[in-house]
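Student: Residue numbers (the numbering used here): 1 to 555.
For each residue, glycine too, the CB sits at the ideal point set by N, CA and C.
Since we're looking at a predicted model, the values are computed, not measured.
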Amino acid sequence: MKKLFIALVILGMVFGQAPVAGAADSDSGAPQALKEKLKTIVSLSFTRADLKTTLVAMGKLYDVNILAGDDVRGTVTVSLKDVTVEDALKSILRMNNYTYLVEGEIIKVVAFEEEKITDCVNLNFIEGSLAAEMAGKILSQDATVKINESMNQLVITDKPVNIEKVRDFLKRIDLPPQQVMIEAKLVDISHSDLDNLGISWTGSLNLKMPFNRIKPGKWHRGGEGGADANDTKLTTFDGDITGPSTDLSGGQLALGFVQGASTLDVTIDALVQNQKAKLLACPTIAALNNVEARITIGEKYPIREQTQTTTGTLETTRFVDVGITLKVTPKITRDGYIQMAVHPEVSSVSSTLDAGPRITTREADTTVIVPDNQTFVIAGLIKDDGTTTNSKVPVLGYLPIVGLLFSNRAKSIDQKELAIFITPHLINVEKDNPIQLPQDTFEGISGNLSAVSLYEHARDLELGESLAARNKQDIIRCMEAARMYEDLADQFPIHPLAPEAMYRAAGLNYSKLGNLEKAKELYEKIVKQYKHSTYVKDSQRAAAKIDKRLKKLGA
């Protein structure tokens with residue numbers, strides 16, 4: 001300490017000190033003698049000197065009273081030449097975030113208080129309320145934070161240094177949220193065909209893989225037999241995807257998760273194309289991490305409700321969702337796995353009672369953890385469909401009493417099982433790249449499934465099976481069905497259902513809509529495009545018949 005003080009004294013003697021004539025007063029409230037001392041020209045040089053010690057030495061050297069409390073701390077490394085004592089003191093204090101106040105003949109060192117400003121901090125993905133809460137922990141106590149929701153900004157009033165701290169902190173946490181693309185296939189399969197597909201929900205097998213405690217069922221390989229039960233690698237089908245599902249026999253493997261959904265799709269498509277199963281829906285939806293995604297395909301069914309009040313009976317109408325609903329909440333783990341809470345529901349109106357409609361529902365709740373791009377299956381949701389068939393001998397079967405001897409009534413029950421195949425894909429969102437959607441897991445036959453879905457919808461309209469179809473006028477229903485059949489043939493011309501769809505569109509135009517020219521055009525198109533189809537001969541005869549009718553009408 002003494003050595004430093006002596007050095008400063010010697011330094012002052014070497015460089016000397018002289019008043020600056022005519023210099024402007026920097027502290028108007030300071031005594032004139034102190035002002036003159038602060039205007040003295042000096043040269044200083046310090047390296048890693050203690051701040052408080054430096055201030056004491058300067059006070060001794062330049063004969064000024066400098067008061068610095070115990071909380072004044074810092075180091076000084078400067079080299080100043082030909083500056084005033086005032087400028088040197090300000091520079092030394094400012095570099096340690098201090099300043100001074102003049103109180104009479106005393107220079108008091110205090111903490112530097114920056115002037116507050118108002119600035120905007122832009123937000124990208126983070127919620128404004130959460131960002132404001134986090135910013136409040138960084139800013140000073142008397143700072144103000146407001147949320148500009150229309151511009152997605154924080155409006156902050158505080159010291160500039162604190163606002164910069166908030167801006168730097170938000171840059172680290174205001175990142176794009178993780179997303180999951182979810183593909184689902186909901187297939188209604190007859191119970192026997194489900195066995196052929198290879199999903200049997202009895203028994204279990206511990207496999208040496210990440211999910212060795214799962215309890216699902218069978219997996220078949222077409223055209224081969226005798227699969228090893230310890231083999232955890234799934235193979236592809238060897239059969240034609242358009243072949244009947246009963247050909248899908250062979251070895252089996254107990255497994256709850258499907259490795260390689262394209263192999264699975266071949267089986268589903270084989271079942272659907274042979275009308276062994278019905279594709280109810282194949283939705284795809286993207287969901288944010290930890291946010292529920294919901295898909296509803298169906299209709300709002302009205303239910304009348306009566307409430308007794310003091311003034312009488314109040315009648316209101318409540319609507320319930322009837323159809324297909326899928327709720328999925330994904331949660332992405334740090335190691336790349338996806339935890340999903342899944343709630344599928346398939347409902348339909350089975351009958352209407354006085355109290356309201358009777359709604360048949362098949363639903364499930366489950367939570368699973370799967371790797372990216374891996375398919376898992378939910379099944380076991382069984383429904384019994386009863387069908388009554390009456391057959392009679394012509395003429396004799398319609399006679400009273402005696403007709404019972406020449407008629408037959410058969411009742412059959414068909415068990416339908418709902419199988420749900422769900423495949424999650426992680427979506428990578430980067431700042432410089434657009435969103436890259438994953439390759440469709442069911443890429444090999446996505447067109448086929450879309451065509452089948454279109455065919456099922458058109459068939460439903462043609463026959464008037466669903467509630468929505470029954471509520472349409474016959475002419476409107478047939479027009480929509482014909483247009484849908486024609487769209488299928490135009491969009492999927494090589495699909496196995498295309499010739500039949502075009503044939504049905506032609507038939508509707510001929511028999512239901514009376515559009516002979518359109519019917520003839522479609523029949524001739526079948527003959528020209530689908531020469532090997534089973535509908536060619538019937539189409540030729542129908543086209544010729546329509547041609548004769550058109551000539552007669554023209555005559």
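Closest to residue 327 by C-alpha separation, out of 319, 285, 336, would be which residue?
Tutor: Numbered from 1 along the sequence shown, position 327 holds the residue referred to as residue 327. It is 285 whose Cα lies nearest to the Cα of residue 327.
Student: Within the same chain, show all residues whose beta-carbon is closer than 6 Å to that of residue 473, passing over the 5 residues directly before and after it, in chain order.
Tutor: Locating residue 473 in the sequence shown gives position 473, where the first residue counts as 1. Nothing listed; no residue qualifies.
Student: For the candidate residues 337, 303, 88, 147, whose alpha-carbon lies nearest to that of residue 322?
Tutor: Taking the sequence shown and counting its residues from 1, one reaches residue 322 at position 322. It is 303.
Student: Rank 376, 111, 468 by C-alpha distance to the C-alpha of residue 72 and give the top, closest one.
Tutor: In the sequence shown, the residue the question calls residue 72 occupies position 72. Checking every option, the nearest Cα to that of residue 72 belongs to 111.
Student: What does the alpha-carbon distance come out to for the pair residue 177 and residue 348?
Tutor: Along the sequence shown, read from residue 1 onward, the residue named residue 177 stands at position 177. Along the sequence shown, read from residue 1 onward, the residue named residue 348 stands at position 348. Their backbone Cα atoms lie some 37 Å apart in a straight line.
Student: Ignore the nearest five residues each way along the sequence and tell me which others in residue 44's own chain have a CB closer than 6 Å to its CB.
Tutor: As a working note, residue 44 is residue 44 in the sequence shown. Answer for residue 44: 80, 88, listed in chain order.
Student: Taking C-beta to C-beta, are residue 458 and residue 484 nearer than 7 Å?
Tutor: Within the sequence shown, residue 458 is the residue found at index 458, counting from 1. Within the sequence shown, residue 484 is the residue found at index 484, counting from 1. Going by C-beta atoms, residue 458 is nearer than 7 Å to residue 484.
Student: Should residue 539 go down as buried or exposed, given a rule of 16 or more other Cβ atoms within 10 Å for buried?
Tutor: Numbered from its first residue, the sequence shown carries residue 539 at position 539. Of the other Cβ atoms in all chains shown, 16 or more fall within 10 Å of the Cβ of residue 539; this residue is therefore buried.
Student: Among 358, 353, 370, 329, which one has its Cα closest to the Cα of residue 335?
Tutor: Reading the sequence shown from its first residue, position 335 is the one you call residue 335. Comparing Cα-Cα distances from residue 335 to each of 358, 353, 370, 329, the minimum goes to 370.
Student: Where do the ends of the beta strand (DSSP E) carrying residue 344 lie?
Tutor: Translated into positions along the sequence shown, residue 344 becomes position 344. Here the beta strand (DSSP E) through residue 344 covers 338 to 353.
Student: Please classify residue 478: does DSSP put it in a helix, a strand, or coil?
Tutor: One-based indexing of the sequence shown puts residue 478 at position 478. The answer is helix: DSSP assigns residue 478 an H, G or I state.
Student: Could you name each continuous alpha helix (DSSP H) segment of 4 residues or more that falls completely within the region 42 to 113, going from the start of the chain to the end?
Tutor: Complete alpha helix (DSSP H) runs here, min 4: 51 to 62, 85 to 94.
Student: Check whether the Cβ atoms of residue 498 and residue 523 lie closer than 7 Å to each other.
Tutor: Start at 1 with the first residue of the sequence shown, and residue 498 comes out as number 498. Start at 1 with the first residue of the sequence shown, and residue 523 comes out as number 523. No.
Student: How big is the Cα-Cα spacing for residue 333 and residue 424?
Tutor: Numbered from 1 along the sequence shown, position 333 holds the residue referred to as residue 333. Numbered from 1 along the sequence shown, position 424 holds the residue referred to as residue 424. If you take the alpha carbons of residue 333 and residue 424, they lie about 13 Å apart.
Student: Looking at the C-beta of residue 112, does it have a partner C-beta in chain C at a distance below 7 Å?
Tutor: Absence of chain C from the displayed structure is noted, only one protein chain being present.
Student: Look up residue 425 in the DSSP assignment and give the residues it is bridged to.
Tutor: Taking the sequence shown and counting its residues from 1, the one referred to as residue 425 is at position 425. Answer by DSSP bridge pairing, in chain order: 181.
Student: Roughly how many angstroms lie between the CA atoms of residue 436 and residue 283, to the nearest whole one?
Tutor: For the purposes of this step, residue 436 is taken as the residue at position 436 of the sequence shown. For the purposes of this step, residue 283 is taken as the residue at position 283 of the sequence shown. No answer about residue 436 holds up, because its pLDDT of 44 lies below 50 and its placement is not dependable.
Student: Can you tell which of 85, 331, 187 has its C-alpha closest to the C-alpha of residue 42?
Tutor: If you number the sequence shown from 1, residue 42 lands on position 42. The candidate whose alpha carbon is nearest that of residue 42 is 85.
Student: Under the DSSP definition of a beta bridge, which residues are partnered with residue 361?
Tutor: Residue numbering aside, residue 361 sits at position 361 when the sequence shown is read from its first letter. Looking at the DSSP assignment, residue 361 forms a beta bridge with 347.
Student: If we ignore side chains and look at the alpha-carbon of each, how far apart do residue 398 and residue 368 end up?
Tutor: Locating residue 398 in the sequence shown gives position 398, where the first residue counts as 1. Locating residue 368 in the sequence shown gives position 368, where the first residue counts as 1. Cα-Cα distance, rounded: 58 Å.
Student: On the premise that residue 163 lies in contact with residue 173, defined as a C-beta separation below 8 Å, what is that separation, rounded to the nearest angstrom?
Tutor: Here residue 173 corresponds to residue number 173 of the sequence shown, with the count starting at 1. Here residue 163 corresponds to residue number 163 of the sequence shown, with the count starting at 1. 16 Å between Cβ atoms; not a contact.
Student: Report yes or no: do three or more beta-carbon pairs, one from the region 452 to 468 and one from the region 486 to 501, lie closer than 8 Å?
Tutor: yes
Student: Between residue 189 and residue 417, is the Cβ-Cβ spacing less than 7 Å?
Tutor: Position 189 of the sequence shown, counted from the start, is the residue given in the question as residue 189. Position 417 of the sequence shown, counted from the start, is the residue given in the question as residue 417. Taking 7 Å as the Cβ cut-off, residue 189 and residue 417 qualify as a contacting pair.
Student: What are the partner residues of residue 120, as DSSP defines its beta bridges?
Tutor: For the purposes of this step, residue 120 is taken as the residue at position 120 of the sequence shown. Answer is 155, bridged to residue 120.
Student: Rounded to whole angstroms, what is the Cα-Cα separation between residue 392 and residue 351?
Tutor: In the sequence shown, counting from the first residue as 1, residue 392 sits at position 392. In the sequence shown, counting from the first residue as 1, residue 351 sits at position 351. Their Cα atoms are separated by approximately 28 Å.
Student: Quick check on the burial criterion: 16 or more other C-beta atoms within 10 angstroms. Buried or exposed for residue 344?
Tutor: If you number the sequence shown from 1, residue 344 lands on position 344. Buried, by the Cβ-count rule.
Student: Sorted by chain position, which residues of the same chain lie with C-beta nearer than 7 Å to residue 158's C-beta, five sequence neighbours on each side aside?
Tutor: Along the sequence shown, one-based indexing puts residue 158 at 158. So the list reads 116, 139, 140, 143, once near-sequence residues are dropped.
Student: Excluding the five sequence neighbours on either side, which residues of its own chain have a C-beta within less than 7 Å of the C-beta of residue 356, listed in chain order?
Tutor: For the purposes of this step, residue 356 is identified with residue 356 of the sequence shown, where counting begins at 1. Around residue 356: 303.
Student: Would you report the Cα separation of residue 229 and residue 289, rounded to the nearest angstrom?
Tutor: Within the sequence shown, numbered from 1, the residue matching residue 229 stands at position 229. Within the sequence shown, numbered from 1, the residue matching residue 289 stands at position 289. Residue placement at residue 229 is poorly supported in this model, since its pLDDT is 39, which falls under 50; the coordinates still yield a value, given next. So the alpha carbons of these two residues sit roughly 37 Å apart.
Student: According to the neighbour-count rule (16 or more other Cβ atoms, all chains shown, within 10 Å of its Cβ), is residue 175 buried or exposed?
Tutor: What you label residue 175 is simply residue 175 of the sequence shown in a count that begins at 1. The residue is exposed, with fewer than 16 neighbouring Cβ atoms inside 10 Å.
Student: Whole angstroms are fine: how far does the CA of residue 477 sit from the CA of residue 462?
Tutor: For this step, residue 462 is matched to residue 462 along the sequence shown. For this step, residue 477 is matched to residue 477 along the sequence shown. Approximately 7 Å, taken between the alpha carbons.
Student: Beta-carbon separation of residue 49 and residue 76 under 7 Å?
Tutor: Your numbering for residue 49 matches position 49 in the sequence shown. Your numbering for residue 76 matches position 76 in the sequence shown. In this structure, residue 76 lies closer than 7 Å to residue 49 by Cβ.
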